[in-house]
Amino acid sequence: MSILFSPLSIRSVTFRNRLWVSPMCMYSAVDGVVQEWHHTHLAQFASGGAGLVVAEATAVLPEGRISPRDAGLWNDEQRDAWAPIVRAIHDRGSVAGIQLAHAGRKASTWWPWAEGRGSVSENDGGWTTVAPTVVAFDGFASPAALDADGIDAVVGAFAASTRRALDAGFDVIEIHGAHGYLLHQFLSPLSNLRDDEYGGSLENRARLLLRVVDAVRAEAGDDVPVFVRISATDHADGGFTPDEATIVGGWAAEHGADLIDVSSGGLVAHQQISVFPGYQVSLADTVRQGGRIPVSAVGLITASAQAEQVLADGAADAIFAGREWLRDPHFALRAAHELDADVAWPPQYERAHWR
Ligand SMILES: Cc1cc2nc3c(=O)[nH]c(=O)nc-3n(C[C@H](O)[C@H](O)[C@H](O)COP(=O)(O)O)c2cc1C
């Protein structure tokens, strides 16, 4: 019996398997509105057997976009553009999730294939970014520090975007607390130098994230799974640590989160990260062994047997993959075939199921 292809239920949602599509920015939205590209891109993974498809980091406020081309959910036009994409994912048997995000001091940057690098100037359509403290990410423009009203506005925006996501039909909300974006900037002592109730102790640094979890949970009610992606280490001296991540994971559970999606890094340019197959699995294991909340593992998990082993070892409850889905949008069907798991193939593809 494959664990990877056994269903998982969280609250009212049952995932047909545990091989999931990790959120991936496409930098192809127009004024935050997703396009035909997003539709084809996300629907193909559902055809390919994904248990869950999580749509890319989607900004809760315009100034929270990583680039001017990011998707957003701060208005109803954006919500309405997501709805047919969600329907396409559902029609193909997958659960639809969305990652809600605010990029903080890493906002207003050029998309990867733009001619520009680093921060986008106001003349080119960029904006002044916000952060816990006036400390720039290496090479980027300096942010403004959020005041109390600005912090309340961020919390309110996560709630409003959650409402729009649910109205568009999404089944799962993931809060982006990783990769050096705003909520991670508050968590890490390297980017958060505040001396008010949002800085200093771990409890204070986690306050904004936990307020966001509360706000999302209040909007989501009891039935909707809420995930939190965190970077369980900054890979840098003096940064956020796996032990802190384990504690914060437990707090997030108390505040209504259902799963910690364990990633790492992205906070500082001088991070020392060593990348190898399954390089973040041990971090997922650490948070899971804290015993307070289920976790997913992500990061260079590219093969069916490898994914199965992570679950068999008890290091995670589910697997997110990113780039392998870009190489093979039918990753889950292929993995099921390789593991001899009995899954429902789209009838149109049945002939590929035959040996
Ligand atoms: C094109 C691309 C876009 C990405 N965008 C996001 C994103 O929007 N949110 C996020 O949390 N991670 C993002 N990531 C990171 C992936 O979700 C994933 O964590 C990372 O690629 C490691 O997994 P992998 O080795 O299976 O690709 C992105 C990765 C890629 C390749």
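Note that the numbering used here has the sequence shown beginning at 156, numbered continuously upward.
All C-beta atoms in this analysis are idealised placements derived from N, C-alpha and C, irrespective of residue type, glycine included.
Check: residue i C-beta below 6 Å from any heavy atom of ligand 1
| i | result |
| --- | --- |
| S346 | no |
| R478 | yes |
| R384 | yes |
| V430 | no |
| S263 | no |
| S222 | no |
| S177 | yes |
| E463 | no |
| S418 | yes |
| E399 | no |
| E211 | yes |
Whole-Å CB distance - residue i paired with residue j, under 8 Å assumed
| i | j | result |
| --- | --- | --- |
| V250 | S263 | In fact, because the Cβ distance is near 32 Å, the residues do not count as touching under 8 Å. |
| V450 | V442 | 5 Å |
| G271 | G294 | Incorrect: roughly 12 Å between the Cβ atoms, too far for contact. |
| H390 | Q340 | Incorrect: roughly 15 Å between the Cβ atoms, too far for contact. |
| A299 | T317 | Incorrect: roughly 25 Å between the Cβ atoms, too far for contact. |
| I330 | L438 | Actually they do not touch by this definition, with Cβ atoms about 18 Å apart. |
| L159 | L414 | Wrong, their Cβ atoms sit about 16 Å apart, outside the cutoff. |
| V176 | L207 | 7 Å |
Host beta strand (DSSP E) of residue i (start-end)
| i | result |
| --- | --- |
| F170 | 168-170 |
| D416 | 414-418 |
| S451 | 450-453 |
| L207 | 207-214 |
| R384 | 381-386 |
| V290 | Run containing V290: none; DSSP gives neither H nor E here. |
| W192 | No beta strand (DSSP E) holds W192; the alpha helix (DSSP H) holding it covers 191-202. |
| L174 | 174-176 |
Alpha-carbon to alpha-carbon, residue j and residue i
| i | j | result |
| --- | --- | --- |
| A291 | P267 | 20 Å |
| A201 | E479 | 14 Å |
| W192 | V209 | 15 Å |
| D322 | T213 | 15 Å |
| Q233 | V189 | 7 Å |
| G187 | V403 | 31 Å |
| R384 | G332 | 5 Å |
| S167 | Q435 | 29 Å |
| A491 | A308 | 44 Å |
| S459 | L466 | 11 Å |
| I253 | H508 | 30 Å |
| I328 | V367 | 12 Å |
| S386 | P239 | 31 Å |
| P432 | A487 | 18 Å |
The alpha helix (DSSP H) enclosing residue i, as first and last residue numbers
| i | result |
| --- | --- |
| G394 | Segment: none, G394 is in no alpha helix (DSSP H) and carries neither H nor E. |
| G410 | Note on identity: in this sequence residue 410 is His, with Gly being the wrong assignment. Careful: H410 lies outside any alpha helix (DSSP H) and carries neither H nor E. |
| R224 | Note, R224: premise wrong, no alpha helix (DSSP H); not H, not E. |
| H331 | It is not in any alpha helix (DSSP H) - H331 instead sits in the beta strand (DSSP E) that spans 327-332. |
| S316 | 303-322 |
| I253 | Taken as a continuous stretch (DSSP letters only), I253 belongs to no alpha helix (DSSP H), being part of the beta strand (DSSP E) at 250-256. |
| W480 | 478-482 |
| I165 | Per DSSP, I165 belongs to no alpha helix (DSSP H); it is in the beta strand (DSSP E), 163-165. |
| F486 | 486-493 |
| I428 | Here I428 belongs to no alpha helix (DSSP H), and DSSP marks it neither H nor E. |
| E505 | Careful: E505 lies outside any alpha helix (DSSP H) and carries neither H nor E. |
| Q464 | 459-467 |
| L365 | 362-375 |
| G237 | Correcting the residue type first, residue 237 is Trp in the shown sequence and not Gly. First-last of the alpha helix (DSSP H) with W237: 231-246. |
Ligand 2 heavy atom lying under 6 Å from the CB of residue i
| i | result |
| --- | --- |
| L455 | Of the ligands this structure carries, namely ligand 1, none is ligand 2. |
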